[in-house]
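In this note's numbering, the protein residues as written are 66 to 736.
Beneath this line is the structure, given in structure tokens, with notes to follow.
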């Protein structure tokens, strides 16, 4: 099960820790949790679902009556496998005589809201427990009615536990966006094995050996912004789609996935196991082959979430001769979806560009498990592996004839190559490990390694898009070698005194000088609203920010006053009429290096001094500002006799109440 929050910088992948066993791991839960944390896969929590699900039983509604005091409620007599029938008040519209469903007795805890049930009166009628919907059991978002079970499957199981006892604890992992390979159990197992924790068993999927060709034509259009570069497919005919076997349902239910049918459950299982999203089409519903192309503006289709979507231009779609079948790598459509009566199924295993997936899903506001994985980067070389595994399971569970795999490509994938200097490791990490250990760690992680004299020639595994530079290799080596093995080194004692530059000392002095005169220092953004900035602009273009944090902070300021005047206004609005503010900060005249400088700006508003019986209060004026400037410069060490003033000021100042201060006749501009 995949969960994620508002900061969106982390995702959670819940896995049944016993699921790791088929990759060769046998360990205690405590050992596993400790090792996961050691290699950087943070364990958020450990859940025990079996205790929550133990109480839920298979039940049959024997009789229903209308509630005497509520039109929308029914009083149901329910067979729960005990001597007497149990009365349950239920509001589900589908509650009816003969329905097999799931019963929660008093004392049971509902997984969705953790509410503990008790015997209670509902509008005057005593209810002994409740009948459950899929939403209440966290199996899906469906809350329209109670769960309906197949009578033929559960007729002899009334009173027995619905959930298997084989469920183990769930580990809730924090998977960072740069580790998409760990969104599958196989990736987690590989990382654990690289530390020597257990042995990684590379399970060999049975390769399809068939004389049958995949008869449905697949075409990837070569066009600009094509979001699909490889499309693998396999046709499986004459299947008998059915309910999944118990082991498969248990695995999916344990992590919050709702079992649907064998074909759909198998594709979900392969995604969770190998981190390889797949999609299954009812082959009989495909009209004259599949075309992978860019969408046209205004195209519409109904997705598997039963919502209608209107597409923008250049979205990656899977289509046939009739129209859109689905959004590539995001969600399929209802028109080609599989049902229990599906006889022929086409399995899709493709590679979609993460940027294309991210853009399309954001525009249409769609979030699916497949989208979550594709936008982070799926192994482009796992296409065949995913189909082999799915075809193996479908043939085993549903029967049928499997065709050869057909893979269409418009772009060849090349593994990233890195020349790694083994001396770089010590230079960055501060400690040594042997080249032999480096080679061993990297090979366990899936790298192809060729050893040279002082360097390693590496080919990065296709499932690690985050490793692109030598520094990334250092990170992997340190992580797997173990942070706990790094010895603490005490820093050398130094007596270097902290120093400030002449400019820094000057600004520090001016800062204290203005504060001593009653000015309050403000610290604001170096960017501002373009509308305010234009008030202080003289024939200079505003420097726009490409990705502003808000629409009213969209340009770099070219005057310190653009922010000061804004915060003066804020103070006045709040009733602070007598204000003296100053700020030290950068202003920008261009985007090139050197086209910015650090300045001091200050302003006054209101009265010269607070009300006092000693002196008459008056408003501040230009002479007060002049006095502060001259006095501050004099305190900073400038000779007042060498200061000159003229009235050649920018046009946004008052023409008769402004001036510039210069040093010497050379007119070094000071204020």
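Backbone N, C-alpha and C define an ideal beta-carbon position, used for all residues, glycine too.
All values derive from a computational prediction rather than experimental measurement.
- Annotation note: the segment 515-592 contains the following uninterrupted alpha helix (DSSP H) runs of length 4 or greater, listed N- to C-terminal: 535-546 and 567-581.
- Between residue 337 and residue 100, the gap from beta carbon to beta carbon reaches 8 angstroms or more.
- For residue 324, same chain residues with a beta-carbon under 6 angstroms away, outside a window of 5 residues either side, are 309, 314, 317 and 330 in chain order.
- The segment 316-385 is shown to contain whole beta strand (DSSP E) runs of 3 or more residues at 344-347, 355-359, 365-367, 373-375 and 381-384, in chain order.
- Of all alpha-carbon atoms in 712, 716 and 719, the one lying nearest the alpha-carbon of residue 726 is that of 712.
- Its Cα nearest to that of residue 622, the residue 602 stands out among 614, 602 and 616.
- Taking one beta carbon from each stretch, the segment 159-171 and the segment 135-150 have 3 or more pairs nearer than 8 angstroms; the two touch.
- In this model, residue 590 and residue 629 are separated by some 11 angstroms (Cα to Cα).
- In the three-state DSSP reduction, residue 389 falls in the strand class (E or B).
- Residue 728 sits close to residue 708, with the two beta carbons spaced by under 8 angstroms.
- Unbroken alpha helix (DSSP H) runs of no fewer than 4 residues, entirely contained in the segment 422-467, are found at 434-439 and 448-463, following chain order.
- Annotation: residue 569 to residue 650 spans about 12 angstroms, alpha carbon to alpha carbon.
- Within the same chain, 463 and 464 come within 7 angstroms of residue 305 by CB-CB distance, once the 5 residues on both sides are set aside.
- Contact between the segment 252-267 and the segment 427-443 is not established, with fewer than three Cβ pairs separated by less than 8 angstroms.
- Taking C-beta atoms as the reference points, residue 388 and residue 369 fail to come closer than 8 angstroms.
- An exposed status is given to residue 499, since fewer than 16 other beta-carbon atoms sit within 10 Å of its beta-carbon.
- Counting along the chain, residue 210 sits inside no alpha helix (DSSP H), nor does DSSP assign it H or E at all.
- Only exposed fits residue 405, as fewer than 16 other CB atoms lie within 10 angstroms of its CB.
- Short of 6 angstroms from the beta carbon of residue 344, and not among the five residues preceding or following it, lie these beta carbons of its own chain, in chain order: 397 and 413.
- For residue 717, no pairing in a beta bridge is given by DSSP.
- Nearest in C-alpha terms to residue 218, of all of 166, 467 and 458, is 166.
- In this structure, 458 is the residue among 384, 427, 458 and 293 with its C-alpha nearest to the C-alpha of residue 312.
- Between the alpha carbons of residue 191 and residue 150 lies a distance of about 14 angstroms.
- Scanning its chain for C-beta atoms nearer than 7 angstroms, with the 5 sequence neighbours on each side dropped, one finds around residue 216 the residues 165, in chain order.
- For residue 381, same chain residues with a beta-carbon under 6 angstroms away, outside a window of 5 residues either side, are 292, 293, 393 and 421 in chain order.
- Per the Cβ contact rule, the segment 526-542 is in contact with the segment 486-504 (3 or more Cβ pairs under 8 angstroms).
- Classified as buried, residue 169 has 16 or more neighbouring CB atoms from the shown chains inside 10 Å of its CB.
- DSSP places residue 680 outside both helix and strand once states are collapsed to three, so it counts as coil.
- According to DSSP, residue pairing for residue 141 in a beta bridge involves 129 and 153.
- With fewer than 16 other CB atoms across the displayed protein chains lying within 10 angstroms of its CB, residue 365 is exposed.
- Between the segment 173-185 and the segment 258-278, the count of C-beta pairs closer than 8 angstroms stays below three; the two stretches do not touch.
- In this structure, the beta-carbon distance from residue 495 to residue 554 falls below 8 angstroms.
- DSSP, read as helix, strand or coil, puts residue 490 in helix.
- Setting aside the 5 residues that flank it on each side, residue 227 is surrounded in the same chain by 121, 123 and 167, each with a C-beta closer than 6 angstroms to its C-beta; the list follows chain order.
- Nearest C-alpha to residue 199 among 288, 235 and 322: 322.
- Per the coordinates, the alpha-carbon of residue 209 lies some 11 angstroms from the alpha-carbon of residue 201.
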